[in-house]
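Colleague: Encoded as structure tokens, here's the structure I'll be asking about.
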């Protein structure tokens, strides 16, 4: 087994100032560090501005709006979500979505698996699992008719969300979930 | 597994933030700097723990931070360059009657910070100081001028 010396003589290893005080200062390194921090502060400032604009969710740029061309669905949501943070996705239905006093809405699997749907308001009359998604049935009389979903994403990443009132146009949304 | 990554990231991010925000902890810390240190510490804790309040999660995070700390300390010992990166180097603030303006401005240190430390060393005036050095831990060391000079 290798043995290391337990002691060693003191040497003049710490650089001195004015050749009299051993300080070990390295001003050249420090100047580089100051330059680095100046860039870092600019990055921090950019992050703050980006957040105020909503680039990281919860702001102007994060809020999104989509609708089908046939006017059956009008969706307000956040295109930039945050991991494990609640948000609301609101769907407003047009008059043609109501059939026999009911609205049916199919939403793809990612709605539950990745985007973590927690709550639906109002409660659906029925929810049926199948066809790579869930088919909700809501009671409805006349417009305005709207449904709100509370999402709480379970993982960061980019997720596709599809929704459709059977017999009408399918709406595809892309949501980015921040870590 | 995610808790380990969150803990390592949180620790390294805090080290970077404290290094970037300035070197004034320890004796020179003022109430508003206390707020900064405790605030960022508390805010880092929340996403690290997440909604997992289990004892296992707490133990994993504590052990991960201890290991990260050990690795950084070991790297610091092995490499002088890495040590400078993590700790910085001592900086001269006052040398033989001359303020080192660039260092003081960049480190956001004023003459009364140096004088406070001089008083702590039993000195009454700035001209009694030969050297004032901002140490790596944020303390200011005072080297008194020799009486004959």
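Chains as they are written, first to last, in our numbering: chain A, 4 to 182; chain B, 1065 to 1213. Even glycine gets a Cβ: it sits at the ideal position worked out from N, Cα and C. Here the structure is a predicted model, which is why all the values come from computation and not from measurement.
#1: Does the segment 1167 to 1177 of chain B touch the segment 1130 to 1150 of chain B, meaning 3 or more C-beta pairs lie closer than 8 Å?
#2: Could you give the DSSP three-state label for residue 218 of chain A: helix, strand or coil?
#3: Along the chain, which unbroken stretches of the beta strand (DSSP E) at least 3 residues long are found entirely within the segment 53 to 139 of chain A?
#4: In whole angstroms, give me the CA-to-CA distance for residue 54 of chain A and residue 124 of chain A.
#5: So if I threshold CB-CB distances at 8 Å, which residues from the segment 1151 to 1175 of chain B count as touching chain A?
#6: Taking only beta-carbon atoms, is residue 1075 of chain B less than 9 Å away from chain A?
#7: Give the secondary structure of residue 1129 of chain B by DSSP, where H, G and I count as helix, E and B as strand, and everything else as coil.
#8: Quick one, which of A:73, A:84, A:44 has its alpha-carbon nearest residue 62 of chain A's?
#9: So, is residue 44 of chain A buried or exposed, given that buried needs 16 or more other C-beta atoms within 10 angstroms?
#10: Excluding the 5 residues preceding and the 5 following residue 1213 of chain B in the sequence, name in chain order all residues of the same chain whose CB lies nearer than 6 Å to its CB.
#11: Just mark residue 2 of chain A as buried or exposed, buried being the case when its beta carbon has 16 or more other beta carbons within 10 Å.
#12: Are there 16 or more other CB atoms within 10 angstroms of the CB of residue 1070 of chain B, so buried, or fewer, so exposed?
#13: For the beta strand (DSSP E) that contains residue 163 of chain A, what are its first and last residues?
#14: Of the choices A:94, A:100, A:95, A:119, whose alpha-carbon is the least far from that of residue 87 of chain A?
#15: To the nearest whole angstrom, what separates the beta carbons of residue 138 of chain A and residue 69 of chain A, a pair I think is in contact under 8 Å?
#16: Going straight from the alpha carbon of residue 1198 of chain B to that of residue 1108 of chain B, what length do you get?
Modeller: Well, looking at it:
#1: no
#2: A query on residue 218 of chain A cannot be resolved here, the shown segment of chain A reaching from 4 to 182 and no further.
#3: 66 to 70, 76 to 81, 83 to 85, 90 to 96, 105 to 111, 120 to 124, 129 to 133
#4: 29 Å
#5: 1152, 1153, 1154, 1155, 1156, 1159, 1160, 1167, 1170
#6: no
#7: helix
#8: A:84
#9: exposed
#10: With a pLDDT of 48 at residue 1213 of chain B, under the threshold of 50, the modelled position of that residue is not reliable, and the figure given next carries that caveat. Correct list: empty, nothing qualifies.
#11: Within the shown structure, residues of chain A are numbered from 4 to 182, placing residue 2 of chain A beyond reach of any answer.
#12: buried
#13: 160 to 167
#14: A:119
#15: Rounded, the Cβ-Cβ distance is 20 Å, inconsistent with contact.
#16: 28 Å
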